[in-house]
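Visitor: Numbering follows numbering that gives the first Met the number 0, in which position 76 of the sequence shown is assigned residue number 75; successive positions increment by one, without gaps. By construction, the Cβ of each residue, glycine as well, lies at the ideal position given by its N, Cα and C atoms. Predicted, not measured: the structure shown is a model, and the values here were computed from it.
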Amino acid sequence: MLDLVLHGPSGSQPVGRPAPVRAEIRNTGERDLWIAGVLDGSENGLRYPHYLPAITRTDDGRVVARPAPAEDPLVGPLRANDLLRLAPGDSFDPVTGPGCLPLMTFAHFAPDRPGRYVYTLTLSTESTAPEQWLGGFALPVGADREQLLALVARVPRTTVTAAPVEVEFL
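(1) Reducing DSSP to helix, strand and coil, say where T104 ends up.
(2) Which class does A64 belong to by DSSP, given the choice of helix, strand or coil?
(3) Taking the DSSP output, what are the residues bridged to N80?
(4) May I ask which residues mark the beginning and end of the alpha helix (DSSP H) holding A152?
(5) I'd like to confirm the pairing. Which residues does DSSP put opposite E173 in its beta bridges?
(6) If you follow the beta strand (DSSP E) that V14 is in, where does it begin and where does it stop?
(7) So, at 6 Å on beta carbons, what are the nonlocal neighbours of V227 in its own chain, with the 5 sequence-adjacent residues on each side left out?
(8) Is D31 buried or exposed, if buried means 16 or more other CB atoms sit within 10 Å of its CB?
(9) With respect to the beta strand (DSSP E) encompassing R46, which residues constitute its N-terminal and C-terminal limits?
(10) Which of the three DSSP states, helix, strand or coil, is assigned to E165?
(11) Can you check whether the CB of L73 is closer than 9 Å to the CB of F136?
(12) If you check the beta carbons only, do L120 and T158 fall under 9 Å apart?
(13) Going by CA-CA distance only, name the one from D2, M0 and P17 that's closest to P113.
(14) Taking only the alpha-carbon atoms, compute the straight-line gap between T124 and Y47 and give it to the nearest angstrom.
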């Protein structure tokens, strides 16, 4: 079983600066779990795993931040050390963990007016083919490719959404 949790800051945040919102993946199951953090192309939905963030204003329900469309469909290759094994009870931050990238939607959002904003994050590993994890260039071949595809096959296919986190900016 896989849980995705968002952690927001305590107290209000200053307008014009990003809030320190972080993510955590927990293995709440009884067996080891394989997973990858945010990789090149994950936030834009170009490759799996998909990490799909959004930020919404509470006063009008308008989405004020989401991933920008990809400028280039080429993403870096998957490496064996991008996939982590979590023992039951273990957790890791998919943004700051080894080989992981920041969620640019959260890292760059700095509202220009006070208000309450809701941060959401959905993780999907439900690819239709394991090759959707490999990337767009410098793809592995032969035994390296087979090793990566075997690791990807260990990742549970699921979609989970973290409970929303509300942040007040003053």
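Guide: On the basis of the coordinates in this document:
(1) Working through the sequence shown from its first residue, we reach residue 104 at position 105. Helix, per DSSP.
(2) Looking up residue 64 in the sequence shown gives position 65. Strand.
(3) To locate residue 80, count along the sequence shown from 1; it is residue 81. For N80, which the question treats as bridged, DSSP gives no partner whatsoever.
(4) What you label residue 152 is simply residue 153 of the sequence shown in a count that begins at 1. Taken as a continuous stretch (DSSP letters only), the alpha helix (DSSP H) holding A152 covers G141 to R153.
(5) Examination of residue 173 is not possible in this model, given that the chain is present from 0 through 169 alone.
(6) On the sequence shown, position 15 is the one that residue 14 refers to. Unbroken run through V14: none, as it is neither H nor E.
(7) The displayed coordinates of the chain run from 0 to 169. Any statement about residue 227 would go beyond what the structure contains.
(8) To locate residue 31, count along the sequence shown from 1; it is residue 32. Exposed, since its Cβ has fewer than 16 Cβ neighbours within 10 Å.
(9) Taking the sequence shown and counting its residues from 1, the one referred to as residue 46 is at position 47. Where R46 is concerned, there is no enclosing beta strand (DSSP E), given that its DSSP letter is neither H nor E.
(10) Residue numbering aside, residue 165 sits at position 166 when the sequence shown is read from its first letter. Reduced to three states, the DSSP call for E165 is strand.
(11) One-based indexing of the sequence shown puts residue 136 at position 137. One-based indexing of the sequence shown puts residue 73 at position 74. For F136 and L73, yes; Cβs fall inside 9 Å.
(12) The residue given as residue 120 occupies position 121 in the sequence shown. The residue given as residue 158 occupies position 159 in the sequence shown. No. Outside cutoff.
(13) Taking the first residue of the sequence shown as 1, we reach residue 113 at position 114. The candidate whose alpha carbon is nearest that of P113 is P17.
(14) Locating residue 124 in the sequence shown gives position 125, counting from the first residue. Locating residue 47 in the sequence shown gives position 48, counting from the first residue. So the alpha carbons of these two residues sit roughly 6 Å apart.
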